[in-house]
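Okay, so the sequence shown: first residue is 1 according to UniProt numbering, each after it adds one. The beta carbon of each residue, even a glycine, is placed where N, CA and C say it ideally should be. None of the values given here were measured: they were computed from a predicted structure. Contents: one structure, followed by commentary.
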Amino acid sequence: MTAGAVAAAASVRVPAGRWVRGLLSIAAGPAAEPAADRILRRLGLSVGIAGVIVGLVELPEIAEQSRGADPGRVLLTVVLAFGLFPVLAVVSVAMNRRAIQRTAAAAAVSFLLAALMVPSTYPVLPAGTEQIWQYKVLVLGVLVAALSWRLSLAVGYLVLSCVLISAANAAVLPEVTPVAFVNAVARSGGLAALFAWCVIYARAAAARVDRESALESRRAAAVAGAAARERERARFAALIHDAVLSTLLDASRGGCTEPSVLHEQAQRTIAQLDAVRGGGIAPDRLDAQSAIGFLRSAVHEVNPEIEFRAQRPGVGGDLDMPLEAAVTLAAALTEAARNSLRHATVPGRAVHRTVTVTIGAGGIRVVLRDDGAGFDPCAVPPDRLGVAVSILGRMSRLPGGAGFVESRRGEGTTVTLVWGNGG
1 MTAGAVAAAA SVRVPAGRWV RGLLSIAAGP AAEPAADRIL RRLGLSVGIA GVIVGLVELP
61 EIAEQSRGAD PGRVLLTVVL AFGLFPVLAV VSVAMNRRAI QRTAAAAAVS FLLAALMVPS
121 TYPVLPAGTE QIWQYKVLVL GVLVAALSWR LSLAVGYLVL SCVLISAANA AVLPEVTPVA
181 FVNAVARSGG LAALFAWCVI YARAAAARVD RESALESRRA AAVAGAAARE RERARFAALI
241 HDAVLSTLLD ASRGGCTEPS VLHEQAQRTI AQLDAVRGGG IAPDRLDAQS AIGFLRSAVH
301 EVNPEIEFRA QRPGVGGDLD MPLEAAVTLA AALTEAARNS LRHATVPGRA VHRTVTVTIG
361 AGGIRVVLRD DGAGFDPCAV PPDRLGVAVS ILGRMSRLPG GAGFVESRRG EGTTVTLVWG
421 NGG
């Protein structure tokens with residue numbers, strides 16, 4: 001394809017693609033949003049748009065069945081059935097979880113009110129009509145109920161709506177037998193249950209992801225805390241061996257050491273012991289050496305072949321990093337390493353991966369680079385949570401933290417994670 005052809009195609013296709021990606025990214029919500037809220041937001045947008053589309057598609061049949069009926073009552077019935085679905089779509093993009101669920105609940109109740117109006121709105125249906133139009137769109141009401149309420153209430157709504165709308169359908173059709181009524185309830189209930197199960201299962205899976213993420217974070221914090229305490233014990237043991245025993249040995253030699261030198265050495269040893277006892281580096285704080293060791297261990301647990309480098313170009317005080325920040329940084333780094341191992345493979349050649357940690361008195365900067373396949377960040381679907389939630393989301397929730405991903409197809413990927421103690 002020539003450059004001119006590419007430009008011509010881009011002028012037609014790119015704006016639409018960008019518009020769709022932009023809408024999906026807005027609907028996805030903040031990167032730091034819990035998985036349960038993100039799924040609810042996307043389902044709310046999907047169901048809201050589906051309600052609008054179904055309402056438009058059903059308009060010709062609604063008009064056909066409404067011949068001879070009171071236009072005002074027909075309009076009210078249609079508005080009750082479909083009116084809150086566009087509102088749900090807008091709320092799902094722009095507002096929080098509680099607003100989405102309240103709007104969905106209102107849409108579910110409104111849908112039942114429309115069913116209650118059917119017998120009085122349609123006293124006579126045109127000849128040849130097999131079912132009222134609302135019977136065909138029953139699944140919409142069940143979907144919004146599954147979005148807004150817990151499992152027991154959603155199942156109760158499903159049963160009630162199937163019975164109520166089937167009864168409304170039987171009330172406006174001539175000669176509906178009990179067998180036909182039971183068959184209508186079963187048929188509508190089976191279809192609605194399938195869609196409701198999909199929504200309920202998706203929400204339950206997202207909630208499970210949130211629980212597992214929280215549990216994993218607590219486990220990582222406990223392991224890191226134990227490691228930090230072990231490092232403190234080792235440092236204290238080394239101090240006793242190197243300083244205290246050396247001072248006692250010199251003192252036992254009598255005149256072999258000048259009294260002034262021995263006095264200064266004892267004072268320095270006491271000062272060091274006071275610093276350790278007073279928490280110079282507390283068990284929940286990491287200095288530069290501890291932070292580097294912690295991150296190196298995290299990376300090599302994923303793959304020991306990843307090259308790890310540490311730099312301290314600046315001068316000044318030592319790093320003083322909260323353990324919680326180190327755990328979050330390590331979790332984001334290991335997820336980035338796993339992503340590289342999963343997706344950066346290039347057939348026929350080895351992919352080189354390097355982690356570079358740069359530490360200054362004010363913070364830490366971690367860069368993971370690979371020369372693998374690379375990707376187009378704009379083309380990543382919004383439902384891919386690895387980068388958005390596990391890397392960028394973690395860092396955005398960390399006070400003083402930030403994350404950046406740069407990649408191009410065929411040119412590898414660079415993930416940069418930074419943390420500053422001024423945040």
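Starting from the C-beta of residue i, find all residues in its chain whose C-beta is less than 8 Å away, skip the five residues before and the five after it, and write them out in chain order.
i           : result
residue 105 : 144, 145, 148, 149
residue 409 : 373, 374, 375, 376
residue 407 : 374, 375, 376, 377, 413, 414
residue 350 : none
residue 58  : 133, 136, 137
residue 90  : 48
residue 302 : 334, 337, 338, 341
Which same chain residues end up closer than 7 Å to residue i when comparing Cβ atoms and leaving out the 5 residues on each side of it in sequence?
i           : result
residue 66  : 74
residue 209 : 35
residue 176 : 170
residue 119 : 168, 171, 172
residue 285 : 320, 321, 322, 323
residue 43  : 147, 199, 202
residue 18  : Because residue 18 carries a pLDDT of 44, less than 50, the predicted location of this residue cannot be relied on, and no value is offered for it.
Compute the Euclidean distance between the alpha carbons of residue i and residue j, then round it to the nearest angstrom.
i           : j           : result
residue 192 : residue 166 : 13 Å
residue 180 : residue 87  : 36 Å
residue 125 : residue 152 : 36 Å
residue 403 : residue 348 : 31 Å
residue 130 : residue 379 : 46 Å
residue 216 : residue 335 : 13 Å
residue 419 : residue 293 : 17 Å
residue 194 : residue 141 : 13 Å
residue 93  : residue 51  : 16 Å
residue 287 : residue 211 : 31 Å
residue 432 : residue 308 : An answer regarding residue 432 cannot be provided, because it is not within the stretch 1 to 423 covered by the chain.
residue 68  : residue 133 : 16 Å
residue 38  : residue 295 : 30 Å
residue 300 : residue 345 : 18 Å
residue 366 : residue 213 : 22 Å
residue 78  : residue 114 : 7 Å
residue 154 : residue 394 : 33 Å
residue 358 : residue 387 : 22 Å
residue 80  : residue 178 : 28 Å
residue 183 : residue 70  : 30 Å
residue 82  : residue 116 : 15 Å
residue 85  : residue 304 : 52 Å
residue 290 : residue 202 : 41 Å
residue 207 : residue 107 : 24 Å
On the DSSP bridge list, what partners appear for residue i?
i           : result
residue 407 : 413
residue 359 : 364
residue 418 : 365, 402
residue 370 : 353, 413
residue 338 : Bridge partners of residue 338: none, in fact.
residue 308 : 355
residue 98  : In DSSP, residue 98 forms no bridge with anything.
residue 377 : Looking at the DSSP assignment, residue 377 forms no beta bridge with any residue, so it has no partner.
residue 321 : 286
Within its chain, find whatever has a CB closer than 6 Å to the CB of residue i; leave out the 5 residues flanking it on each side and keep chain order.
i           : result
residue 162 : 185, 188, 189
residue 281 : Bear in mind that a pLDDT of 46 at residue 281, under 50, signals an unreliable position, so the number given afterwards is only what the model happens to contain. Result list for residue 281: 287, in chain order.
residue 310 : 292, 357
residue 279 : In this prediction, residue 279 scores a pLDDT of 49, lower than 50, which makes its location untrustworthy; the coordinate-derived value is nonetheless stated afterwards. So no residue of the chain qualifies.
Do the region 398-410 and the region 352-359 meet, that is, are 3 or more Cβ pairs less than 8 Å apart? no
Sufficient close CB pairs (3 or more, under 8 Å) joining the region 57-65 to the region 152-167: no
Examine the Cβ distances between the region 404-421 and the region 364-372 and report whether three or more of them are shorter than 8 Å. Short answer: they touch.
Which runs of the alpha helix (DSSP H) fall wholly inside the region 41-116 and span at least 4 residues, in chain order? 71-82, 84-94
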